[in-house]
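Structure, as structure tokens:
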Amino acid sequence: MITAPHERRAVTHTRLDALRLPLIGLLRRRWGRLALQIPLLAAAVLLVIDGFTGPQLAARNLATVIPWVHFRGFAVLVLLLAGNLFCMGCPFTLPRTLAKRLSVRGRRFPRRLRNKWVAIASLFLLFVTYEALDLWASPALTAWLIVAYFVASFVLEVVFTESAFCKYVCPLGTFNFVYSTLSPTQIGIHDPDVCRACAGKECINGSYSPTPLVRLEDIPGGQREVRHGPQGTPGCGTLLFAPQIESNLDCTMCLDCARACPHGNVGLFIRQPGRELLNPEAWPKRWDVSLLAISLAALGLVNAFGMVPPVYELQRTLIKTLGIQSEWLLIGLIFGVGGLLLPFALAVLAGALSRALTRTKLSLRHTVAAFAPAFVPLGFGIWFAHYGFHFLIAPLTIIPVIQEFLGQPGDWAAFSSAADAVLIGLVQGAGLVLGFLWSLALANRTAMRLYRRDAVPGLLPWALLLLALAFAAGYVFSLPMEMRGSLLMG
Amino acid sequence: MYFFRLMAAGLLLLAAAGCRGQAVTPTPVENLSIEMAVDPDPARVGEAALIVTLTDASGRPVDGAKIGARGDMSHAGMAPVLAEAEGGQDGRYRIPFEWTMSGDWFVELTITLPDGSTVTQRFDVSVSGAGS
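Those protein sequence lines, which keep their order, are chains X and U. Each residue of the first sequence is one higher than the last, beginning at 1 in the working numbering. Each residue of the second sequence is one higher than the last, beginning at 1001 in the working numbering.
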């Protein structure tokens, strides 16, 4: 039963369906996603092979150069310019159909874990592991990480009916979910009446059920017959219902919904970039979702902070004052406090101040949730500045790495040039400034909507928090970067 | 059917990976002592030099070798620094070099001796910031 949400649905996109364009429309075909996944699977296999058997020197191994330099740089650009294409082409979910065959029907992910807390924990764990094990310097460990990814996604797909790994666990996907909210594309529908009359709801139920659903009546606009069975199409793995989608959060852009819809009513629509961040109904008003958006921005700052000289002073101070001997504990403490506890405490404080200054009756949870989307553009700007640096510092070194992988001498002299340092600085600065201005505009709009005449005092705590984050990021990026293992590793 | 398609694709990929080329392995040279120092010491960002000293088993200096130096940072994606020197005097070779960023470096020396034999050795260097 489709209820109110799509009736009151704001206009979240234009009428331009990218899936009705030439070439892009091929993605809708049964094997459309495979066209992206197969090359990425091939790349993943090659990374694993080079990681285990190639030179254990990060700069000369595909396993470290591609994931930690080129992939991250491309990922942020593609998220901003197109959408969540990396989840769409994710090779880790390729065995999904096989896993579905093996899965025990009816078992859902535990209710208590159906939120973003596990994803926040897995992001935290990934960042700490990345630093503690110096993954950026170890091809073999990076290869193990890729293998672990395949195993984890497959096992969770077998055990649970929905795509639990994508929706609740995957740290890379979680990053993509959050920052694809800035993207210019979003899944949507052409005609709400078609969905209202649809009996099968194949976009979410899929058509792989061994027991065909009974269609009650003919659907206007129906284009093809739904055939339920083992060869059918899965519905949305993350349990999003196409007519009600108002956000890219949780959307892997797998297009299963578009493939499963027997009426051709689901599309990938072009929208104003970041449109959903203006929509107060787009995000759930939950602490976990709010903390995810806010902490991901702060984690970007801490991640960049880990590469500049002051971090070594901080580490020495912590070792001296707290007597910490465990590197995991040391790094966990920095990321836990700087990336999770401090930003969340400051967000709660900002929310409390907003409430006090405006004397509003809106709860603290709703206040923080209302302003949380404003942290997305600035967070993106911080990640963009960081990843942009790594990408531009030697963008073509991937060529000699491939040459050496193929047994040829790498032409390092020809492909080692870096982009101009001034240009890199400008790109980083532009990312930060534009991200901050976008964030400030969003926070201002939220304050205007919530507090009307009291908008200025309501905005003030949030504007100061965003400004502090932007200044801290600007300071970190103005320092010379270092590429060094941490203190306790020697 | 899907499973077999997947397996076939995997086997094809593994076969393709088996085509991975083999790098040329230098001929080991026995009884050659290689020492490397950096100037300035300790190393810091900026213009620098690698001082390589070659001696044979009896401690006599080895001249006339050609030395290629390659500096890589521990982090992936950084451009290497390439330099070379040849000749040598009293077994000492001075190789102009540049530390482009502070952090952990690996310097790989590829030494070609006058008789054509080649040896490769790696050294770890920690480089501090220019102002440190």
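Yeah, the Cβ is synthetic: ideal placement off N, Cα and C, and Gly gets one too.
- Message: On the criterion of 16 or more Cβ atoms from any shown chain inside 10 Å, does Val65/X qualify as buried, or is it exposed?
- Response: buried
- Item | Contacts around Asp50/X, its chain only, beta-carbon distance under 8 Å, and the 5 residues preceding and following it disregarded | Asn61, Leu62, Ala63, Pro139, Ala143 and Phe405
- Is the CB-CB distance between His263/X and Val376/X below 7 Å? no
- Query: Alpha carbon to alpha carbon, how far is Val368/X from Ser290/X?
  - Reply: 7 Å
- Query: At a Cβ threshold of 7 Å, is Thr1027/U touching chain X?
  - Reply: Because the pLDDT at Thr1027/U is just 46, under 50, the model does not fix this residue reliably, and the value given afterwards should be weighed accordingly. Taking Cβ atoms only, chain X never reaches closer than 7 Å to Thr1027/U, which makes this a no.
- Nonlocal neighbours in the same chain, by C-beta distance under 8 Å from Gly267/X, ignoring five residues either side: Asp17, Ala18, Leu19, Arg20, Ile187, Gly188, Ile189, His190 and Ala258
- Taking the alpha-carbon positions, what's the Pro395/X to Val427/X distance? 14 Å
- Item | Burial state of Gln37/X (16 or more Cβ within 10 Å) | buried
- Mapping DSSP to helix, strand and coil, what is Val1107/U? strand
- Any heavy atom of the ligand MG closer than 6 Å to the Cβ of Asp50/X? Looking for the ligand MG in the displayed structure turns up nothing, as the structure carries no ligands at all.
- Task: Could you tell me how far apart the beta carbons of Ala1069/U and Ala1049/U are, in whole angstroms, since I believe they sit closer than 8 Å?
- Result: The pair is not a contact, with the Cβ atoms about 10 Å apart (cut-off 8 Å).
- Let me know if Tyr387/X comes out buried or exposed under the rule of 16 or more other beta-carbons within 10 Å of its beta-carbon. buried
- Query: Under 7 Å between the Cβ atoms of Ala293/X and Ala372/X?
  - Reply: yes
- Answer yes or no: does any C-beta atom of chain X fall closer than 7 Å to that of Gly1077/U? yes
- Task: Following the continuous beta strand (DSSP E) through Trp1099/U, name the residue where it begins and the one where it ends.
- Result: Arg1092 to Trp1099
- Message: Does Met307/X come out as helix, strand or coil in the three-state DSSP assignment?
- Response: coil
- Item | CA nearest to the CA of Asp256/X, picked from Arg275/X, Leu322/X, Ile204/X and Asn303/X | Ile204/X
- Does the pairing of the stretch 167 to 175 of chain X with the stretch 110 to 120 of chain X give three or more beta-carbon distances under 8 Å? yes
- Opening and closing residue of the beta strand (DSSP E) in which Thr1053/U lies: Gly1046 to Thr1055
- Straight-line gap, Val78/X to Gly431/X (C-alpha atoms, nearest Å): 15 Å
- Query: Just how far apart, CA to CA, sit Ala75/X and Gly300/X?
  - Reply: 15 Å
- What in chain U is Cβ-close to Glu482/X, meaning under 8 Å? Met1101, Ser1102, Gly1103 and Gly1129
- Message: With a threshold of 6 Å on Cβ separation, who are the neighbours of Phe477/X within its own chain once the five nearest residues in sequence on each side are excluded?
- Response: Ala385 and Gln428
- Just confirm the distance between the C-beta atoms of Thr185/X and Phe269/X, as a whole number of angstroms; I'd bet it's less than 8 Å. 7 Å
- Buried or exposed by the 16-neighbour rule on C-beta atoms within 10 Å, applied to Tyr130/X: buried
- Task: State buried or exposed for Val401/X, treating a residue as buried only when at least 16 other CB atoms are found within 10 Å of its CB.
- Result: buried
- Member of Thr360/X, Glu281/X and Leu133/X whose CA lies at the smallest distance from the CA of Ser326/X: Leu133/X
- Item | Completely contained alpha helix (DSSP H) runs for the stretch 229 to 264 of chain X, where each covers 4 or more residues | 256 to 260
- Item | Proximity to Tyr168/X [Cα-Cα], best of Pro480/X, Arg30/X, Trp412/X and Asp288/X | Asp288/X
- Short Cβ contact (7 Å threshold) for Glu482/X with Gly1103/U: yes
- Query: How many whole angstroms separate the CB atoms of Gly382/X and Ala304/X, which I take to be in contact at a CB cut-off of 8 Å?
  - Reply: Before going further, note that residue 382/X is Ile rather than Gly in the sequence given. The pair is a contact, with the Cβ atoms about 7 Å apart (cut-off 8 Å).
- Taking a cut of 7 Å between CB atoms, which residues from the stretch 1038 to 1071 of chain U lie near chain X? none
- Task: Report yes or no: is there a C-beta of chain X within less than 7 Å of the C-beta of Pro1096/U?
- Result: no
- Residues that Arg29/X contacts on chain U, provided the C-beta gap is smaller than 7 Å: Those within 7 Å of Arg29/X in chain U number zero; the least Cβ separation is about 16 Å.
- Mapping DSSP to helix, strand and coil, what is Asp1124/U? strand
- Item | For Asp420/X, the first and last residue of its enclosing beta strand (DSSP E) | No beta strand (DSSP E) holds Asp420/X; DSSP gives it neither H nor E.
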